[in-house]
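Enquirer: Attaching a single structure in structure tokens format; questions to follow.
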Amino acid sequence: MMTDISKPVPARPKGARAAAFSEFWHYFSMNRGAVIGLAVVGIFIVLALFAPWIAPYVPEQQFRGFDKLPPAWTNGGDLRFLLGTDEVGRDILSRLIHGARYSLTIGLVVVSIAATVGIVLGLLAGYFRGWVDVAIMRVMDIILAFPSLLLALVLVAILGPGLLNAMLAIALVLQPHFARLVRASVMAEKNREYVTSAKMAGAGHFRLMTITILPNCLGPLIVQATLSFSNAILDAAALGFLGMGAQPPTPEWGTMLAKGREFISSAPWIVTFPGLAILITVLAINLIGDGLRDALDPKLKRS
Amino acid sequence: MISYIFRRLLLIVPTVIGISICAFAFVRLLPGDPILAMAGEHGVTPERYEILKEAFGYNLPIWQQYLNYLGSVLSGDFGVSLGTKRPVLNEFMTLFPATVELALCAIILATVVGIPAGVLAAVRRGSWLDQGTMGLALTGYSMPIFWWGLLLIMFFSSYLGWTPVSGRIALNFFLRPITGFMTIDSLLYGNWPAFVSALRHLILPTVVLATIPLAVIARQTRSAMLEVLGDDYVRTARAKGLSPGRVVNVHALRNALIPVVTTIGLQVGALMAGAILTETIFSWPGIGKWMIESILKRDYPVVQSGLLLIALIIMAVNLIVDLLYAVINPRIRVR
Numbered sequence: 001m002m003t004d005i006s007k008p009v010p011a012r013p014k015g016a017r018a019a020a021f022s023e024f025w026h027y028f029s030m031n032r033g034a035v036i037g038l039a040v041v042g043i044f045i046v047l048a049l050f051a052p053w054i055a056p057y058v059p060e061q062q063f064r065g066f067d068k069l070p071p072a073w074t075n076g077g078d079l080r081f082l083l084g085t086d087e088v089g090r091d092i093l094s095r096l097i098h099g100a101r102y103s104l105t106i107g108l109v110v111v112s113i114a115a116t117v118g119i120v121l122g123l124l125a126g127y128f129r130g131w132v133d134v135a136i137m138r139v140m141d142i143i144l145a146f147p148s149l150l151l152a153l154v155l156v157a158i159l160g161p162g163l164l165n166a167m168l169a170i171a172l173v174l175q176p177h178f179a180r181l182v183r184a185s186v187m188a189e190k191n192r193e194y195v196t197s198a199k200m201a202g203a204g205h206f207r208l209m210t211i212t213i214l215p216n217c218l219g220p221l222i223v224q225a226t227l228s229f230s231n232a233i234l235d236a237a238a239l240g241f242l243g244m245g246a247q248p249p250t251p252e253w254g255t256m257l258a259k260g261r262e263f264i265s266s267a268p269w270i271v272t273f274p275g276l277a278i279l280i281t282v283l284a285i286n287l288i289g290d291g292l293r294d295a296l297d298p299k300l301k302r303s
Numbered sequence: 304m305i306s307y308i309f310r311r312l313l314l315i316v317p318t319v320i321g322i323s324i325c326a327f328a329f330v331r332l333l334p335g336d337p338i339l340a341m342a343g344e345h346g347v348t349p350e351r352y353e354i355l356k357e358a359f360g361y362n363l364p365i366w367q368q369y370l371n372y373l374g375s376v377l378s379g380d381f382g383v384s385l386g387t388k389r390p391v392l393n394e395f396m397t398l399f400p401a402t403v404e405l406a407l408c409a410i411i412l413a414t415v416v417g418i419p420a421g422v423l424a425a426v427r428r429g430s431w432l433d434q435g436t437m438g439l440a441l442t443g444y445s446m447p448i449f450w451w452g453l454l455l456i457m458f459f460s461s462y463l464g465w466t467p468v469s470g471r472i473a474l475n476f477f478l479r480p481i482t483g484f485m486t487i488d489s490l491l492y493g494n495w496p497a498f499v500s501a502l503r504h505l506i507l508p509t510v511v512l513a514t515i516p517l518a519v520i521a522r523q524t525r526s527a528m529l530e531v532l533g534d535d536y537v538r539t540a541r542a543k544g545l546s547p548g549r550v551v552n553v554h555a556l557r558n559a560l561i562p563v564v565t566t567i568g569l570q571v572g573a574l575m576a577g578a579i580l581t582e583t584i585f586s587w588p589g590i591g592k593w594m595i596e597s598i599l600k601r602d603y604p605v606v607q608s609g610l611l612l613i614a615l616i617i618m619a620v621n622l623i624v625d626l627l628y629a630v631i632n633p634r635i636r637v638r
């Protein structure tokens, strides 16, 4: 909610949108951490997009006689394998670079599904209230009553292990947060003057929900989406680690950790680097989330 | 207050029914056949299969199966594990204290470190202390805890040899459970070496499980403190000439703690999710490890009743937190 919603501004001129963005950017860029996070995520996006050209090797390629090589800067390392090789002689750096594709895709797909479903359910519940609201929110309560990872595990067990099913399960577990958030914002906005005036002008339910009310709930939604993005990456990695997510030899970071676990004393770098990649990505996204929250939350802006 | 409790309890009934339907339905949806799973590698003859199907009520219509399940759960019968042939409730009761012990230690560590860290960061807002604490908190919040656990094992157990790698206690100790809490039981028996061993086993899992709640509590405390420190009554307290320590600890912190208590309570669900990973990494014999193993082994009764029990416990804890919140924050009660 970055614009002053007490004023009726149904159709903003183009200049106002640019001004709103530049105001947002002003606050966002004041947060050093957020800018760093944005830069890091940018690097990961480039790595993911151009992985086949950036990565030195094909991620599945096994180099015989080069298994469990330590990183290049340590004793016994080989400059051809910068971060070392794993238990079957695959280049860890190449696998990590390709892994960025999986993690970012997971985040994107999960958030798209969770946000779409959550927004629709939240809009319906908050707009219509009554039994629609009760029915939807009870179902959300039930989903939230289970520990998220446990529920995701059971769902993946039902659907069958694999990356796609893991994403669906995580999306289902994350969407109640969107639904609750949208419902609360819709209820707060519904009785404002601009909504009433749109209703008087003859706007239908669908138009009121999607075009009049929804854009004014966008601020908290964007923050929630960022948080869900990092949660999705963490949960998918956890599922991969437990053997229920992406299946080997997929170079997904969590799955790489699961295999490397057997070698933590003999070849610690096999687990160190994939975990570090997860941590850096998630941290960068959370930094952006914090920056977005500060920039989009009018309450904090004044302080 | 009584009517508030009553209203909250009424609200829970449909959710509990929903949870039981979900737990029941999930298990029916799992691929595989419970009777074949029960029979194991030997398999069964078709005749025996039909007999077993009838004996376990799998031939009945699905809604009747559900009602039967609900009936037996209400009379305290949560089914029998296919793997161990022991009642699920008994297994749950033996493993649950291990998870509670771990979770309690984690939440205590998270609170004891998190609240002072958040207060310090808020009081020294903008200083390097604030930035450092909050940087660490965000890192903790972003931590893939399964990896964090492996790192700690690598460093403290494999490299330094300070802490054991897995389990609750060294294998040469056997304590008949009294409370089920290994640390308390060993003290009750007066077995000092056992207590030390239990404590050493507890350290790393506690740190791993506490990481995310600690980060959340520190962040929440900081923002609650910042909000409160700007309030009029804090300014009044300062103007009265009270010492800065008294203003922060008595006037500000007490009011800032109200939202923090809710945050701590809400961590219970997250702790359960964290326990699955933590217990798997440290081979901690609790319900998190039990659940994932049962899911992988397709131990249908355990998955079904385990899900139900865990969800019910989380709901109960959330309810208690809500009520506690009403006790410490009178504003809620009048609603």
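If you read the sequences in order, they're chains P and B. So in this note's numbering, the last spot in the first sequence is 303, and the numbers never skip. So in this note's numbering, the last spot in the second sequence is 638, and the numbers never skip. Just so it is clear, CB atoms sit at the ideal spot from N, CA and C, and this is done for glycine as well. Keep in mind the model is a prediction, meaning the values are calculated, not measured.
For the alpha helix (DSSP H) containing Glu530/B, list its first residue and its last residue.
Expert: By one-based count along the second sequence, residue 530/B stands at place 227. Where Glu530/B is concerned, the enclosing alpha helix (DSSP H) stretches over 495-532.
Enquirer: Under three-state DSSP, which class holds Thr387/B?
Expert: Numbered from 1 along the second sequence, position 84 holds the residue referred to as residue 387/B. Residue state, collapsed to three classes: coil.
Enquirer: Can you give me the Cβ contacts of Pro317/B inside the same chain, cut-off strictly under 7 Å, excluding the 5 residues immediately before and after it?
Expert: Against the second sequence, residue 317/B aligns to sequence position 14. No residues qualify anywhere along the chain.
Enquirer: I need the DSSP call for Thr85/P, collapsed to helix, strand or coil.
Expert: As a working mapping, residue 85/P is identified with position 85 in the first sequence. Strand, per DSSP.
Enquirer: Pick helix, strand or coil for Asp78/P, following the three-state DSSP scheme.
Expert: Locating residue 78/P in the first sequence gives position 78, where the first residue counts as 1. Three-state DSSP puts Asp78/P in a strand.
Enquirer: Just mark Asp535/B as buried or exposed, buried being the case when its beta carbon has 16 or more other beta carbons within 10 Å.
Expert: What you label residue 535/B is simply residue 232 of the second sequence in a count that begins at 1. So Asp535/B counts as exposed.
Enquirer: Got a sec, what are the start and stop residues for the alpha helix (DSSP H) His98/P sits in?
Expert: Along the first sequence, read from residue 1 onward, the residue named residue 98/P stands at position 98. First-last of the alpha helix (DSSP H) with His98/P: 92-128.
Enquirer: Would you report the Cα separation of Lys7/P and Leu296/P, rounded to the nearest angstrom?
Expert: Here the question's residue 7/P lines up with position 7 in the first sequence. Here the question's residue 296/P lines up with position 296 in the first sequence. Confidence at Lys7/P is low in this model, with a pLDDT of 49, below 50, so the placement of that residue should be treated as unreliable; the coordinate-derived value is given next. If you take the alpha carbons of Lys7/P and Leu296/P, they lie about 18 Å apart.
Enquirer: Can you give me the C-alpha to C-alpha distance between Ser500/B and Ala573/B, rounded to a whole angstrom?
Expert: Looking up residue 500/B in the second sequence gives position 197. Looking up residue 573/B in the second sequence gives position 270. Distance between the alpha carbons of Ser500/B and Ala573/B is about 27 Å.
Enquirer: Is it the case that the Cβ atoms of Met140/P and Ala179/P are separated by a distance below 8 Å?
Expert: Walking along the first sequence from the start, residue 140/P turns up at place 140. Walking along the first sequence from the start, residue 179/P turns up at place 179. Yes, the pair counts as a contact, with Cβ atoms nearer than the cut-off.
Enquirer: Take the Cβ of Tyr372/B as the centre, count every other Cβ of all protein chains shown within 10 Å, and call the residue buried at 16 or more, exposed below.
Expert: For this step, residue 372/B is matched to residue 69 along the second sequence. Burial call: buried.
Enquirer: In chain order, what residues of the same chain lie with their CB nearer than 7 Å to the CB of His97/P, ignoring the 5 residues before and after it?
Expert: To locate residue 97/P, count along the first sequence from 1; it is residue 97. Note that residue 97/P corresponds to Ile in the displayed sequence, not to His. Only Leu47, Ala51, Ile54, Ala55 meet the Cβ criterion.
Enquirer: By Cβ distance below 6 Å, which residues in the same chain neighbour Met446/B in space, the five residues on each side in sequence not counted?
Expert: For this step, residue 446/B is matched to residue 143 along the second sequence. Within the same chain, Met446/B has close Cβ partners Thr514.
Enquirer: What does the alpha-carbon distance come out to for the pair Ala305/P and Gln224/P?
Expert: No information on residue 305/P is available, as it lies outside the stretch 1 to 303 that chain P covers here.
Enquirer: For the alpha helix (DSSP H) that contains Ser608/B, what are its first and last residues?
Expert: As a working mapping, residue 608/B is identified with position 305 in the second sequence. That run of the alpha helix (DSSP H) goes 603-631.
Enquirer: Here's a check: name, in chain order, each residue in its chain whose Cβ is nearer than 6 Å to the Cβ of Leu159/P, leaving out the five neighbours to either side.
Expert: The residue labelled residue 159/P in the question sits at position 159 within the first sequence. Result list for Leu159/P: Asn165, in chain order.
Enquirer: Assuming contact is defined by CB atoms lying nearer than 8 Å, are Leu432/B and Ala424/B in contact in what I supplied?
Expert: The residue you call residue 432/B lines up with position 129 of the second sequence. The residue you call residue 424/B lines up with position 121 of the second sequence. Yes, the pair counts as a contact, with Cβ atoms nearer than the cut-off.
Enquirer: So, with DSSP's three-state summary, where would you put Gln61/P?
Expert: If you number the first sequence from 1, residue 61/P lands on position 61. Three-state DSSP puts Gln61/P in coil, outside helix and strand.
Enquirer: Would you be able to state if there are at least three C-beta pairs under 8 Å between the stretch 605-613 of chain B and the stretch 326-339 of chain B?
Expert: Judged by Cβ distances under 8 Å, the stretch 326-339 of chain B makes contact with the stretch 605-613 of chain B, as three or more pairs qualify.
Enquirer: Buried or exposed: where does Met437/B fall if 16 or more other Cβ atoms within 10 Å of its Cβ makes it buried?
Expert: Here residue 437/B is taken as the residue at index 134 of the second sequence, counted from 1. The residue is buried, with at least 16 neighbouring Cβ atoms inside 10 Å.
Enquirer: For Ile222/P versus Gly37/P, is the C-beta spacing smaller than 8 Å?
Expert: In the first sequence, the residue the question calls residue 222/P occupies position 222. In the first sequence, the residue the question calls residue 37/P occupies position 37. It is not a contact, given that the beta carbons lie outside the stated cut-off.
Enquirer: Quick one: grab the DSSP three-state call for Gly305/B.
Expert: Numbered from 1 along the second sequence, position 2 holds the residue referred to as residue 305/B. A small fix is needed here, since residue 305/B is Ile in this sequence, not Gly. In the structure shown, Ile305/B sits in a helix (DSSP, three-state: H, G or I).
Enquirer: Can you give me the Cβ contacts of Glu404/B inside the same chain, cut-off strictly under 6 Å, excluding the 5 residues immediately before and after it?
Expert: As a first step, residue 404/B must be located in the second sequence, where it is residue number 101. Cβ within range, chain order: Phe484.
Enquirer: Give the interface partners of Cys408/B over in chain P, defined as CB-CB distance under 9 Å, in chain order.
Expert: By one-based count along the second sequence, residue 408/B stands at place 105. None at all; the shortest Cβ gap to chain P is about 18 Å.
Enquirer: Whose Cβ in chain B lies nearer than 7 Å to the Cβ of Ala157/P?
Expert: By 1-based counting over the first sequence, the position of residue 157/P is 157. In chain order: Leu333, Ile598.
Enquirer: Just reading off the alpha helix (DSSP H) that Glu353/B is part of, what are its end residues?
Expert: Along the second sequence, one-based indexing puts residue 353/B at 50. 349-358 is the span of the alpha helix (DSSP H), which, as asked, contains Glu353/B.
Enquirer: State yes or no: is the C-beta of Thr60/P within less than 8 Å of the C-beta of Ile270/P?
Expert: Counting from 1 along the first sequence, the entry for residue 60/P is found at position 60. Counting from 1 along the first sequence, the entry for residue 270/P is found at position 270. It is worth fixing the name first, because residue 60/P is Glu in this sequence and not Thr. No, Cβ-Cβ distance for Glu60/P and Ile270/P is not below 8 Å.
Enquirer: When you compare each of Gly202/P, Tyr194/P, Ala145/P, Ser228/P to Met618/B by their alpha carbons, which one comes out closest?
Expert: Position 315 of the second sequence, counting from 1, holds the residue named residue 618/B. Closest by alpha carbon: Ala145/P.
Enquirer: Under 8 Å between the Cβ atoms of Leu392/B and Ile590/B?
Expert: Residue 392/B sits at position 89 when you count from the first residue of the second sequence. Residue 590/B sits at position 287 when you count from the first residue of the second sequence. No, the Cβ-Cβ distance between Leu392/B and Ile590/B is not below 8 Å.
Enquirer: From what residue to what residue does the alpha helix (DSSP H) around Gln367/B run?
Expert: Looking up residue 367/B in the second sequence gives position 64. Counting along the chain, the alpha helix (DSSP H) containing Gln367/B begins and ends at 365-377.
Enquirer: State yes or no: is the beta carbon of Arg638/B nearer than 8 Å to at least one beta carbon in chain P?
Expert: Here residue 638/B refers to the residue found at position 335 when the second sequence is read from its first residue. In this prediction, Arg638/B has a pLDDT of 44, which is less than 50 and means its spatial position is unreliable; nothing more can be read from the coordinates.
Enquirer: Go to Leu491/B, then tell me how far its alpha helix (DSSP H) extends in each direction, as first and last residue.
Expert: Residue numbering aside, residue 491/B sits at position 188 when the second sequence is read from its first letter. From DSSP, the alpha helix (DSSP H) with Leu491/B extends over 485-491.
Enquirer: Does the count of Cβ pairs from the stretch 558-567 of chain B and the stretch 620-630 of chain B closer than 8 Å reach three?
Expert: Output reads yes: the stretch 620-630 of chain B touches the stretch 558-567 of chain B.
Enquirer: Which residues in chain B sit within 8 Å of Arg183/P, going by Cβ to Cβ distance?
Expert: Within the first sequence, the letter at position 183 stands for residue 183/P. Neighbours of Arg183/P on chain B: none; closest Cβ ~16 Å, over 8 Å.
Enquirer: In chain order, what residues of the same chain lie with their CB nearer than 6 Å to the CB of Ala171/P, ignoring the 5 residues before and after it?
Expert: Within the first sequence, the letter at position 171 stands for residue 171/P. The answer, listed in chain order, is Val110, Ile113, Ala114.
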